[in-house]
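Undergrad: The numbering used here runs 1 ahead of the 1-based position in the sequence shown.
I'd like to ask some things about the structure below.
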Amino acid sequence: MIPKSFIQDLLNRLDIVDVVGRYVPLKKAGANFSACCPFHNEKSPSFTVSANKQFYHCFGCGVHGTAISFVMEHLGLGFVEAVEELAQSIGLAVPHETSSAGAIENKVAPDLYELMQTAARYYREQLKQSPIAIDYLKRRGVNGEVAARFGIGYAPEGWQNLRQVFSDYQTVSLLDTGLVIERADDSAEDAAEQSTARRYDRFRDRIMFPIVNPRGQVIGFGGRVLDKGTPKYLNSPETVLFEKGRELYGLYQAQKSIRANRMALVVEGYMDVVALAQHGIEYAVATLGTATTPFHIQKLLRLTDRIVFCFDGDAAGRKAAWRALENTLPQLVDGKQFGFLFLPSEHDPDSYVRENGSVAFDQLLREAMPLSEYLLSELSSQVDMRTQEGRNALLQRAQPLLTAITAPIAALLLRKELADLAGITQAELEALYGMRSIDLPKRRVTQKMASPAASNLRALLRCLLFQPDLVSLLPEDATAPDWLPADWETSGMETEAIATLIVWLKGNQEKVSTAAIIQHFQDTVYAPLLAKEQAEIMQWGDDFKAADEFQDVLQSLRKAQRKQQLQALHVKMHGAGMGGLNEQDRALYLQLLQRS
């Protein structure tokens, strides 16, 4: 785990204008900077970056966040990866706390990335010198521009070609990256001879496809035989750099197109990705010799709301599609779309697009089967739906699939469809599966407050977001504030958010920035409210007197609270005077009268 104090320090040191400006052309717009949003298509700029408050907000699509969340969303990185990327950019080392198991996360030595980059350059140079490899790519329809874009190379024949690339062929780093293989050779007479004899290059006489992480670093290779041979594809082994269940081939090159086209296409082979890109379909990625995993889906959902899986129409393709569906169900998010496309059995994406062109392939994509339709049609095709026994089998096979879904709307609709298909009611289905009925989000039932109080609460929240150190003006006892309604704990999200924010700010020993607040509360129930107020303070200039506004709002809230308390006491006193009050109420009543 990365210490929270480091996250705050990192955000304090970063300049979000510099971070965003690496990827988006920003223009000065008053106190802020603006650009066309990188997360949705637009012609007029509505994406705003605040240099003073160190956050961004798009008034078009509503995306918002800090430098960390921008890098996560724009590059498709996880939180830890984004923090490491940003820390490295300003020369900071990321500390890692010991986990509950007592282990500290593995750190990758920088020289391993450099070593992989050196190998990639060598393979690219070897491709230029191999007429046979060049001819193979030409026959597959790959031109020089696309080959360069994906960094395609060639590993020549021979057992120890990398010896001429690396001065120390015996370095352990070559083993750590999977570039060489080492096996025991008992016939060698001494240790040095044995070490040399047993080590050889992993990739020989293969077209080389560098596997690149979202930061553009080479972390592995895929090698394809030129003609006949086995295995047809050979991947790097899993290393400290490369974990095939977490990486997607072509994602680095496809990120921009995925966003622009608002979809990602998942295929099975390197050549599928390359061939599709050759025909202008640049939003395709490929799994790396493994089924689609939850990590793959999570990465893609950071970039787009629609994912289409494309498989060969043969038995192996359909088997792979079903595994993809099983891994997708727990990752379903309401509002996200998943589709399944099956090609004719004699084709894969590479052969289909070369034979039929991109227009025909686009048409197939538009006809991709929605996940729900694929799930139910595949299950019902395995049984005889005309019989009770068949419907019984359908319900049994569907149970583990439906119980894996956590997205409430998707789960509800699939339960309804399955129940209709099986000829039972949704309630009967849920009882059969031992499921609870899905509780859809309900409106929060709150006691109505006067609109001025609501406005004051919003103003107070904005002041704290704009200038977090204003919390020092509040009394130390934040658990019983004298400026909130007596029933503040049940009076709505605004008061709840303010109270939670104050407790967090007062308990924070480090100086807290607006960006740190946004980052801390990003995945909480308060995030939407804070995002809305964040957009509002974008309009405040540097000369805005937040402290004066804060004091005025506090005074108004205190007056409103006093009025509310007096009204409640007068109700108790109706017809009985002071005799209707207990000792505690009388003390409060006298105290309130003295304040007037």
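Positions of the beta carbon are idealized from the N, C-alpha and C atoms, including for glycine.
1) Apply the 10 Å Cβ neighbour rule to V50 and answer buried if 16 or more other Cβ atoms are within range, or exposed otherwise.
2) Cβ atoms of L333 and A394: under 9 Å apart, would you say?
3) For D363, which three-state DSSP category applies?
4) Give me the DSSP bridge partner(s) of F341.
5) Are at least three pairs of beta-carbons, each pair with one atom in the region 162-182 and one in the region 234-243, less than 8 Å apart?
6) Where V84 and Y123 are concerned, what is the direct C-alpha to C-alpha distance, given to the nearest angstrom?
7) Which same chain residues end up closer than 6 Å to N162 when comparing Cβ atoms and leaving out the 5 residues on each side of it in sequence?
8) Check whether the Cβ atoms of G77 and K245 lie closer than 9 Å to each other.
9) Enumerate, from N- to C-terminal direction, the unbroken beta strand (DSSP E) stretches of 3 or more residues contained entirely within the region 141-178.
10) Please classify M574: does DSSP put it in a helix, a strand, or coil?
11) State the start and end residues of the unbroken alpha helix (DSSP H) segment that holds L433.
12) Here's the rule: buried if 16 or more other CB atoms are within 10 angstroms of the residue's CB, otherwise exposed. What is H571?
13) Is N583 helix, strand or coil by DSSP?
14) Could you compute how far the alpha carbon of E86 sits from the alpha carbon of R216?
15) Assign Q256 to one of two classes, buried (16 or more other C-beta atoms within 10 Å of its C-beta) or exposed (fewer than that).
16) What number of angstroms, rounded off, separates the C-alpha of E183 from the C-alpha of W160?
17) If you run the structure through DSSP and keep just helix, strand and coil, what is C464?
18) Whose C-beta lies closer than 7 Å to the C-beta of I519 among residues of the same chain, with five residues either side of it excluded?
19) How would you label M2, buried or exposed, when you count the other beta carbons within 10 angstroms and need 16 or more for buried?
20) Measure the CB-CB distance between L413 and A423 and report whether it falls below 9 Å.
21) Any heavy atom of the ligand PLP closer than 8 Å to the beta-carbon of R324?
22) Using a 10 Å radius around the Cβ and a threshold of 16 neighbouring Cβ atoms, would you call H575 buried or exposed?
23) Pick from I499, I425, Q389: whose alpha carbon is nearest that of A460?
24) Could you tell me whether the region 322-339 touches the region 275-285, where touching means 3 or more Cβ pairs closer than 8 Å?
25) Give the DSSP bridge partners of A30, in chain order.
26) Can you tell me where the beta strand (DSSP E) holding I8 begins and where it ends?
27) List the whole-angstrom C-beta distance separating L516 from K54, where the pair is believed to meet the contact cut-off of C-beta under 8 Å.
28) Does DSSP put A292 in a helix, a strand or coil?
29) Considering Cα atoms alone, identify which of H521, S346, A261, L558 is closest to K44.
30) Tell me whether N33 is buried or exposed, calling it buried when 16 or more other Cβ atoms sit within 10 Å of its Cβ.
31) For G154, which residues of its own chain have a beta-carbon under 7 Å away from its beta-carbon, when the five flanking residues on both sides are left out?
32) Would you call C62 buried or exposed, if buried means 16 or more other Cβ atoms sit within 10 Å of its Cβ?
33) Does G223 come out as helix, strand or coil in the three-state DSSP assignment?
34) Three or more beta-carbon pairs under 8 Å between the region 349-361 and the region 371-380, yes or no?
35) Tell me which residues share the same chain as A134 and place their Cβ nearer than 7 Å to its Cβ, disregarding the 5 neighbours each side in the sequence.
36) Could you give the distance in angstroms between the alpha-carbon of V1 and the alpha-carbon of F71?
TA: In terms of the structure at hand:
1) Numbered from 1 along the sequence shown, position 49 holds the residue referred to as residue 50. Buried is the call here.
2) As a working mapping, residue 394 is identified with position 393 in the sequence shown. As a working mapping, residue 333 is identified with position 332 in the sequence shown. No, these two residues do not count as a Cβ contact at 9 Å.
3) Along the sequence shown, read from residue 1 onward, the residue named residue 363 stands at position 362. Three-state DSSP puts D363 in a helix.
4) For the purposes of this step, residue 341 is identified with residue 340 of the sequence shown, where counting begins at 1. Bridge partners of F341: F310, M370.
5) yes
6) Residue numbering aside, residue 84 sits at position 83 when the sequence shown is read from its first letter. Residue numbering aside, residue 123 sits at position 122 when the sequence shown is read from its first letter. Straight-line Cα distance between these residues: approximately 31 Å.
7) Within the sequence shown, numbered from 1, the residue matching residue 162 stands at position 161. These residues qualify, in order along the chain: D202.
8) Residue mapping note: residue 77 aligns to position 76 of the sequence shown, counting from 1. Residue mapping note: residue 245 aligns to position 244 of the sequence shown, counting from 1. No, the pair does not count as a contact, with Cβ atoms beyond the cut-off.
9) 154-156
10) Position 573 of the sequence shown, counted from the first residue, corresponds to residue 574. Here M574 sits in helix by DSSP.
11) Along the sequence shown, read from residue 1 onward, the residue named residue 433 stands at position 432. 427-434 is the extent of the alpha helix (DSSP H) around L433.
12) Numbered from 1 along the sequence shown, position 570 holds the residue referred to as residue 571. Exposed, by the Cβ-count rule.
13) To locate residue 583, count along the sequence shown from 1; it is residue 582. Coil.
14) Here residue 86 is taken as the residue at index 85 of the sequence shown, counted from 1. Here residue 216 is taken as the residue at index 215 of the sequence shown, counted from 1. Distance between the alpha carbons of E86 and R216: 8 Å.
15) On the sequence shown, position 255 is the one that residue 256 refers to. Looking at its Cβ environment, which holds 16 or more other Cβ atoms inside 10 Å, Q256 is buried.
16) Position 182 of the sequence shown, counted from the start, is the residue given in the question as residue 183. Position 159 of the sequence shown, counted from the start, is the residue given in the question as residue 160. One C-alpha to the other measures close to 12 Å.
17) Residue mapping note: residue 464 aligns to position 463 of the sequence shown, counting from 1. Per DSSP, reduced to three states, the secondary structure at C464 is helical.
18) As a first step, residue 519 is located in the sequence shown; it is residue number 518 there, counting from the start. For I519, where only same-chain residues beyond five positions count, the Cβ hits under 7 Å are F56, G66, T67, L531, Q535.
19) Your numbering for residue 2 matches position 1 in the sequence shown. M2 comes out exposed.
20) Your numbering for residue 413 matches position 412 in the sequence shown. Your numbering for residue 423 matches position 422 in the sequence shown. Contact: no.
21) As for the ligand PLP, it is missing from this structure, which has no ligand bound.
22) To locate residue 575, count along the sequence shown from 1; it is residue 574. Exposed.
23) Along the sequence shown, one-based indexing puts residue 460 at 459. Looking at the Cα atoms, I499 is the closest of the given residues.
24) Segments in contact, no.
25) Along the sequence shown, read from residue 1 onward, the residue named residue 30 stands at position 29. A30 is bridged to N33.
26) Position 7 of the sequence shown, counted from the first residue, corresponds to residue 8. Run containing I8: none in the beta strand (DSSP E); it sits in the alpha helix (DSSP H), 5-14.
27) As a working note, residue 516 is residue 515 in the sequence shown. As a working note, residue 54 is residue 53 in the sequence shown. Looking at the sequence shown, residue 516 is not Leu but Ala. Indeed they touch by this definition, with Cβ atoms about 7 Å apart.
28) Residue mapping note: residue 292 aligns to position 291 of the sequence shown, counting from 1. Reduced to three states, the DSSP call for A292 is coil.
29) Locating residue 44 in the sequence shown gives position 43, where the first residue counts as 1. Relative to K44, the option among H521, S346, A261, L558 whose CA is nearest is A261.
30) As a working mapping, residue 33 is identified with position 32 in the sequence shown. N33 should be labelled buried.
31) The residue given as residue 154 occupies position 153 in the sequence shown. So the list reads A121, Y124, R125, Q127, L128, M209, once near-sequence residues are dropped.
32) Locating residue 62 in the sequence shown gives position 61, counting from the first residue. By the 10 Å Cβ count, C62 comes out exposed.
33) Against the sequence shown, residue 223 aligns to sequence position 222. Residue state, collapsed to three classes: strand.
34) no
35) On the sequence shown, position 133 is the one that residue 134 refers to. Counting only Cβ-Cβ distances below 7 Å, and skipping sequence neighbours, we find L128, Y155, I208, L227.
36) Nothing can be reported for residue 1, as the shown portion of the chain is limited to 2 through 597.
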